[in-house]
Structures are given as structure tokens and as C-alpha cells.
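Here's the structure we're looking at; comments come further down.
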Amino acid sequence: PTASHRIGLVGAGIGTSLSPALHTREAHELGLTDYRYDLLDIDDRGIAAESAGDLVRTAFAEGWTGFNVTHPCKQTVIAGLDDLSDNARSLGAVNTVVVRGGKLIGHNTDHSGFLAGLRRGLPDARLEVVQVVGAGGAGSAVAYALAAAGVPELRIADVDPARAADVCTRVSGAFEHTTAVAVPLGDVPAGLASCTGLVNATPIGMVGHPGSPVDAAALHPDLWVADVVYRPLRTELLSAAERAGCAVLDGGQMLVAQAADTFELLTGHAADRTRMRAHLTEL
Ligand code: NAD
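The structure is reproduced here in C-alpha cells:
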């Protein structure tokens with residue numbers, strides 16, 4: 009008999025999330041007939057983000073079999089979990105909760121997904137000096153993933169300099185071989201001359217936040233450029249980067265890779281990443 013999967017997405021204002029469509033279509037393609045992926049929106053339920061841990065424990069007791077977790081619950085959900093994967097522990101954030109032997113275990117596939125997307129989309133990317141702009145949820149996952157991949161020098165900038173400094177302290181502390189330095193936003197364009205890669209991890213470029221986080225004049229052909237923004241897939245930054253001769257990676261690569269990693273953790277079935285990417289472009 010097919011195992012039954014009842015997955016919940018925990019977060020706030022998640023009504024327009026692409027995750028339910030990505031996950032349920034892949035389950036359908038794989039013939040998992042007893043699979044459901046539903047929203048557990050804390051706004052709709054009148055639950056504070058601080059209670060996300062209680063929400064997953066209660067839902068688990070009611071028969072839910074696993075969870076995807078998004079903003080603003082990735083940190084707060086940890087209070088309800090029994091254990092964490094190494095990635096989730098070092099990052100201090102969880103986006104996937106798996107049940108193993110009756111215990112709730114937190115994982116982080118933003119971390120694994122960024123790296124998987126980078127290796128798949130830009131296999132020849134030089135990982136020497138990488139500038140990350142944006143040090144929030146996505147930016148810290150990207151910074152940890154790049155450090156875990158062996159990047160020796162990371163530069164991190166954010167309009168809120170304290171956020172950049174905090175991520176740098178944590179990454180430098182967790183990875184001996186990586187030096188992470190917080191740089192003022194104004195220094196990013198000149199600094200790109202000595203970088204091999206640039207990642208946008210701010211919301212700039214997404215629908216409702218037009219523009220580019222970095223001046224196009226600072227882009228050069230020896231730089232690969234990745235964006236975490238996936239709506240639209242082609243952001244102003246990526247268009248400018250292509251015109252400048254850069255290799256580019258869109259945010260859909262990270263989105264699909266994290267969804268596929270989560271799908272595999274939750275169901276035990278291998279997801280077809282090429283098919284999921286094709287689904288994404290139809291959504
Ligand atoms: P967040 O609010 O946690 O972090 C955003 C950070 O960007 C903040 O620290 C903010 O101060 C900083 N910032 C904003 N404008 C800036 C600017 N002009 N210059 C420098 N820094 C600036 O948000 P998040 O959850 O990290 O999400 C950021 C973006 O990443 C969103 O567009 C989200 O949709 C996307 N995202 C994509 C994936 C994916 O799988 N592709 C995963 C997570 C998030």
C-alpha cells in the first residue's frame with residue numbers, strides 16, 4: 009500500500025505560495041495517490057509566530073506527517089522540535105520538519121537547495137570571493153551554503169549593517185576555512201572588481217520591489233551572478249548581468265532544488281528536478 013502523506017506549509021500570508029502546486033504536481037507525477045499538501049497559515053488561525061512549535065506538535069498529534077516552514081516561523085518552529093540536522097542547527101533556521109521514529113526533526117533545504125541549484129545551474133562557477141547582498145533569511149542560508157562549499161572569502165552587505173555583521177560573525181565562527189566580512193552597501197560596486205561571484209538575497213527585483221540591488225556598471229564578465237528572487241525569474245539584475253557577459257543563475261534554481269530536497273525528505277521518493285523546473289515555469 010502507498011504510504012499516506014499529509015504535509016502542512018506553516019507560515020504567514022502563504023495563500024499565493026507556489027509550494028503547494030510544485031509539491032502536489034510532483035507527487036501526482038510519481039503516482040503517490042495518497043498525498044496532500046495544505047496550508048497551515050498562522051494569520052488565518054490567529055496564531056503568533058512564536059507558537060509555530062506548538063502548531064506543528066499539535067498538527068503532528070492530529071495526524072499530519074511532515075511540514076514545510078516559511079516566513080516568519082523558520083526560527084520559532086525550533087522550540088517544538090526534538091532534534092535538528094547539522095545544517096539547520098548551524099544556521100539556526102528550519103524549513104522542513106520530518107517525522108522519524110515518532111520524533112520531529114528539523115532540516116534546512118534553503119541551505120542545501122542553494123548549493124544544489126548553483127552546482128546544477130552554474131557547475132563551473134568560481135567559488136573564490138563571493139559578495140552576498142541581503143543578510144536576512146535567504147541571505148544567511150546562502151552564506152552558510154557558500155561557506156560549506158568551501159568559499160574562502162565571503163563579503164556580506166545589507167541596508168541594516170548589524171544584520172550583515174551578525175551573519176559574518178556566525179559564518180566565520182562555524183567555518184574555519186571561510187573569512188566572512190561585512191562590507192558597507194556603498195562599497196559593493198567597487199569591491200565587485202575583485203569578486204568571482206555575486207548573489208542577490210534581498211527582495212529587490214521581485215514583483216512589487218522593482219529595481220536592482222547593484223549598479224549595472226559594476227558588473228563584469230568574470231563575475232557569475234545569482235538571484236534568489238524567483239518572481240519574476242528574470243530580474244533586472246540578471247538582465248543587466250547577461251548584458252555584461254556574466255554567467256547567471258535565477259532564483260527558480262534554488263526554489264526548485266529546495267522543494268525537491270524537501271519532497272525527498274518528506275516522502276522518501278526522488279523528485280525529478282527537470283520536471284519540477286518545467287512546472288515552475290508554467291506557474
Ligand atoms: P528577509 O526580510 O529575511 O531578508 C531580506 C534582507 O534584505 C533584509 O536583511 C533587508 O535589510 C535586506 N535588504 C532589503 N533591501 C536591501 C537593499 N536594497 N540592499 C541591501 N539589503 C537590503 O527576506 P528573505 O526571507 O531573506 O527573502 C528575500 C528574498 O528571497 C525574497 O524575494 C524571497 O522571495 C526570496 N527567497 C527565495 C528563495 C528561493 O528558494 N529562491 C528562498 C527564500 C527566499
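Residue numbers for the sequence shown follow this note's numbering, so the first one is 9 and each next one is one higher.
Just so you know, even glycine gets a beta-carbon here, dropped at the ideal spot from N, CA and C.
In terms of alpha-carbon separation, which member of V167, T187 and D168 lies closest to C176? Residue 176 sits at position 168 when you count from the first residue of the sequence shown. Looking at the Cα atoms, T187 is the closest of the given residues.
Can you tell me which of the three DSSP states A173 falls into? On the sequence shown, position 165 is the one that residue 173 refers to. Three-state result, A173: helix.
Tell me which residue opens and which closes the alpha helix (DSSP H) that R50 is part of. For the purposes of this step, residue 50 is identified with residue 42 of the sequence shown, where counting begins at 1. The question names Arg, yet the displayed sequence has Ile at residue 50. I50 to R53 is the extent of the alpha helix (DSSP H) around I50.
When you compare each of D195, D230, D235 and E184 to I212 by their alpha carbons, which one comes out closest? Translated into the one-based positions of the sequence shown, residue 212 becomes position 204. For I212, the closest C-alpha among the options D195, D230, D235 and E184 is that of D235.
Go to R6, then tell me how far its alpha helix (DSSP H) extends in each direction, as first and last residue. Absent from the structure is residue 6, since the part of the chain shown begins at 9 and ends at 291.
Between I22 and the rest of its own chain, which residues show a CB-CB distance below 8 angstroms, the 5 nearest in sequence each way excluded? The residue labelled residue 22 in the question sits at position 14 within the sequence shown. Exclusion of the five residues before and after I22 leaves L47, D49 and T78 as the residues of its chain whose Cβ lies within less than 8 angstroms of its Cβ.
Would you say V167 touches the ligand NAD, meaning its beta carbon is less than 6 angstroms from a heavy atom? Position 159 of the sequence shown, counting from 1, holds the residue named residue 167. Checking every heavy atom of the ligand NAD against the Cβ of V167, one is found closer than 6 angstroms.
Sorry if obvious, but does the Cβ on V141 come closer than 6 angstroms to a heavy atom of the ligand NAD? Looking up residue 141 in the sequence shown gives position 133. A heavy atom of the ligand NAD is found nearer than 6 angstroms to the CB of V141.
Rounded distance between the beta-carbons of A165 and V141, thought under 8 angstroms: As a working mapping, residue 141 is identified with position 133 in the sequence shown. As a working mapping, residue 165 is identified with position 157 in the sequence shown. For V141 against A165, the beta-carbon gap comes to about 5 angstroms, under 8 angstroms, which counts as contact.
Euclidean distance between Cα positions of R108 and A248: Residue 108 sits at position 100 when you count from the first residue of the sequence shown. Residue 248 sits at position 240 when you count from the first residue of the sequence shown. Distance between the alpha carbons of R108 and A248 is about 46 angstroms.
Tell me which residues share the same chain as E161 and place their Cβ nearer than 6 angstroms to its Cβ, disregarding the 5 neighbours each side in the sequence. Locating residue 161 in the sequence shown gives position 153, where the first residue counts as 1. For E161, same chain residues with a beta-carbon under 6 angstroms away, outside a window of 5 residues either side, are V137 and T187 in chain order.
For L257, count neighbouring C-beta atoms within 10 Å of its own C-beta (all shown protein chains included) and say buried if the count is 16 or more, exposed if not. The residue given as residue 257 occupies position 249 in the sequence shown. When all chains shown are included, L257 counts as buried.
Could you compute how far the alpha carbon of L288 sits from the alpha carbon of T243? Along the sequence shown, one-based indexing puts residue 288 at 280. Along the sequence shown, one-based indexing puts residue 243 at 235. Those two C-alpha atoms are separated by around 16 angstroms.
Presumed contact (8 angstroms Cβ cut-off) between V106 and V18, rounded CB distance: Walking along the sequence shown from the start, residue 106 turns up at place 98. Walking along the sequence shown from the start, residue 18 turns up at place 10. That belief does not hold up - the Cβ atoms of V106 and V18 are roughly 14 angstroms apart, past 8 angstroms.
3-residue-minimum beta strand (DSSP E) runs that sit fully inside the region 20 to 70, ordered along the chain: DSSP runs (the beta strand (DSSP E)) wholly in the region 20 to 70: 43 to 49.
On the CB-based measure, 16 or more other CB atoms within 10 Å of its CB, does H115 come out buried or exposed? For the purposes of this step, residue 115 is taken as the residue at position 107 of the sequence shown. Counting Cβ neighbours within 10 Å, H115 comes out buried, since at least 16 surround it.
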